[in-house]
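K.L.:
Positions in the sequence shown are counted from 1; adding 57 to them yields the working numbering.
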Amino acid sequence: MKSKYYLLVIFFTSISLIYSGCKKNVKNPVDEKVIEIPNQGNQFCASCKKVKSAVELSALSPKPGDTVIMQSGEWSNQKVVFTGTGSMQQPIVLLAEKGGQVNLSGSSSLVIDGSWLVVDGLNFKNGDLSVSKLNIIDFTIASRNCRLTNTSIVDYNPVDQSVDYRWVSLNGKNNRLDHCYIKGKAHAGATVVVWGAKDALSHRIDHNYFGPRPELGSNGGETIRVGTSDYYLTESLVIVEENIFDNCNGETEVISNKMSKNIIRNNLFFESKGTLCLRHGNNTEVYGNYLIGNNIAGVGGIRIVGEGHLVYNNYLQGIASTGQTCAIAMLDGVPNSPASGYFQVKNVKVVGNTVLNCAQAFDVGAGKGGNDRTVPPGNCSIANNVMQLKSGTSLIKFTDTPTGFNYEGNIAYGMDAVNNLPTGFLITNPMLTLNETGTYSTAVGSPVIGAFKGSYAFFQVVDAGANKIDNLHKDLLKANGIGPVWLTGLGASLIIKPL
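1. Residue 226 to residue 295, Cα distance in whole Å?
2. What residues match up with residue 403 in a beta bridge as DSSP calls it?
3. Since I believe residue 224 is in contact with residue 194 (beta carbons under 8 Å), could you give me their beta-carbon distance rounded to a whole number of angstroms?
4. In angstroms with no decimal places, state the Cα-to-Cα distance between residue 389 and residue 272.
5. How far does the beta strand (DSSP E) with residue 136 in it reach, from first residue to last?
6. Between residue 176 and residue 169, how many whole angstroms is the CB-CB distance? I'm expecting something under 8 Å.
7. By the DSSP assignment, the beta strand (DSSP E) with residue 342 in it spans what residues?
8. Where are the alpha helix (DSSP H) runs, 4 residues long or more, that stay fully inside the segment 475–538, in chain order?
9. Could I get the ranges of all uninterrupted beta strand (DSSP E) runs contained in the segment 319–344, with 3 residues as the minimum, in chain order?
10. Give every residue of the same chain whose Cβ lies closer than 6 Å to the Cβ of residue 261, excluding the five residues on either side of it in the sequence, and list them in chain order.
11. Evaluate residue 308 with the Cβ neighbour count: other Cβ atoms within 10 Å of its Cβ, from every protein chain shown; 16 or more gives buried, anything less gives exposed.
12. If you reduce the DSSP assignment to three classes, tell me which class residue 557 lands in.
13. Assuming residue 268 contacts residue 245 under a Cβ cut-off of 8 Å, what Cβ separation, rounded to an integer in Å, is found between them?
14. Any contact of the segment 464–474 with the segment 504–516, i.e. 3+ C-beta pairs under 8 Å?
15. Kindly list the residues whose CB is nearer than 6 Å to the CB of residue 346, restricted to its own chain and excluding five residues on each side of it in sequence; keep chain order.
16. First and last residue of the beta strand (DSSP E) that includes residue 391?
17. Among 299, 322, 440, 218, which has the Cα closest to the Cα of residue 243?
18. What residues are listed by DSSP as bridge partners for residue 313?
19. In terms of DSSP beta bridges, what is residue 460 paired with?
20. For residue 98, I'd like the list of residues in its chain whose CB is within less than 7 Å of its CB, leaving aside the five on either flank, ordered along the chain.
21. By a C-beta neighbour count over all protein chains shown, 10 Å radius and 16 as the cutoff for buried, is residue 284 buried or exposed?
22. Please report how far the alpha carbon of residue 304 lies from the alpha carbon of residue 483, in whole angstroms.
23. Reducing DSSP to helix, strand and coil, say where residue 114 ends up.
24. Looking at C-beta atoms only, is the number of pairs between the segment 449–465 and the segment 516–527 that lie closer than 8 Å three or more?
25. Are residue 408 and residue 377 closer than 7 Å when you measure CB to CB?
26. Spatial neighbours of residue 481 within its chain, please: CB distance less than 8 Å, with the 5 preceding and 5 following residues excluded, ordered by chain position.
27. Give me the residue from 132, 122, 413, 459 with the minimum Cα distance to residue 491.
28. From 328, 117, 527, pick the residue whose C-alpha is nearest to that of residue 551; which is it?
29. With distance defined between alpha-carbon atoms, name the residue in 458, 137, 442 nearest to residue 433.
30. Under DSSP, the beta strand (DSSP E) around residue 173 begins and ends at which residues?
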């Protein structure tokens, strides 16, 4: 019996291509080459070695192309340190004998330290590191082009909820976290942390299923944090794509982006009581994301701080929050803000998004007065967005008065009347119809068709609103291809309630 390990042979060189010609909803050519690795480490695999403990692994000196197989069974209190120097064509692979059946528990942890290293198929469950500032899985500062895939981390919690350790710690450069299942973090600290640096990081976080995380009750409960305010101007080039965030309720920020020029695209946020938050940094692109709230209290939308961001082609449905956590919130800034403060929202373009049945589509100047925020957003565009709301809901609230805003091509319908609505909003029924996924698309004859106005190089389409749902997003909404291959049924709870 053989298992298939999908080796990415072109991913790390493709990041520069992604940034030089970033287009919406492009399925990148990843995982094209399949290498079959004997699952039992038998005599026909001269480069395969089997180990049954962390001590046995540490005694090895694997070479490029080698595969080390971890024996199925219980690995309790094992500090697994995986080191080596592989190559793009010949990575060094640490592979579970059978996916999901190498069970790491107790104080077990994993360190990935080297280059072109791949870890595949592990199951961390019901452990407890007990001490703050440790990591269950640690990509070291020296790690380059390394990958953790097809792995789960579930309920690895200390008795004391205030103990702060990370479940995945991403240092180094060009590393990848993909097709993992991460669920149940109930103690302090972000689940996944991308650590900042003075130059590009180029990590990729993709095709993971982030399962429920209970409310922490304090700051520091993010599911993903990218960087820190110390490095907010660094162009880190991190991509977060095609992940599912299911009831990730740790705190106000599900994703907290704190560095510049990242891409957050084609993710599903499902009933998560928090926001996709551009907290620090500039020039990040947010597109192709589906945010589904099902009208559950506390579920938030997209929260914008900083300048130069592009927020486009996103679909938001049933977001019940208002103010700073409404569907799309553009916050007030702090005068001469320190790095850890709130910079002015400036030169941001919010284009071609669809907002359905949300309590409030926009809040411009959200949070005014709190934390010394008195600088309104300036020189931004709100264009070609489609909003279908209900009576008793708000289209756009001007908590503060913006300067130099451009409004064009927006279509809105169904909400309470708006006094002094700027030009650039057409009040008419967009004629959206329910599709098989529980989301809505344009019907024949919709005024949305052909209604796109203006010129936006990053989003060249003819219709207003988000694009019609494609196969990539249909698969995403069903969790097809998300999480470990050995774990089934992940999408069963993703039920979208119609309007």
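By construction, the Cβ of each residue, glycine as well, lies at the ideal position given by its N, Cα and C atoms. From a predicted model like this one, the values you see are computed outputs, not experimental measurements.
P.N.:
Considering the structure as presented:
1. 14 Å
2. 364, 435
3. Indeed they touch by this definition, with Cβ atoms about 7 Å apart.
4. 26 Å
5. 136–142
6. 6 Å
7. 342–344
8. 528–534
9. 320–322, 325–327, 332–335, 342–344
10. 233, 296
11. buried
12. The structure shown does not extend to residue 557, since the chain is modelled only from 58 through 556, so no value can be given for it.
13. 19 Å between Cβ atoms; not a contact.
14. yes
15. 324, 371
16. No beta strand (DSSP E) contains residue 391, which DSSP labels as neither H nor E.
17. 218
18. 282, 334
19. Paired residue(s): 435.
20. Below a pLDDT of 50, predicted positions are generally treated as unreliable, and residue 98, at 38, falls in that range; no measurement from the model is reported.
21. buried
22. 35 Å
23. Reduced to three states, the DSSP call for residue 114 is helix.
24. no
25. no
26. 439, 440, 463, 464, 465, 466, 467
27. 413
28. 328
29. If you compare the alpha carbons of 458, 137, 442 with that of residue 433, the shortest gap goes to 458.
30. Looking at the DSSP string, residue 173 is not in any beta strand (DSSP E), and its letter there is neither H nor E.
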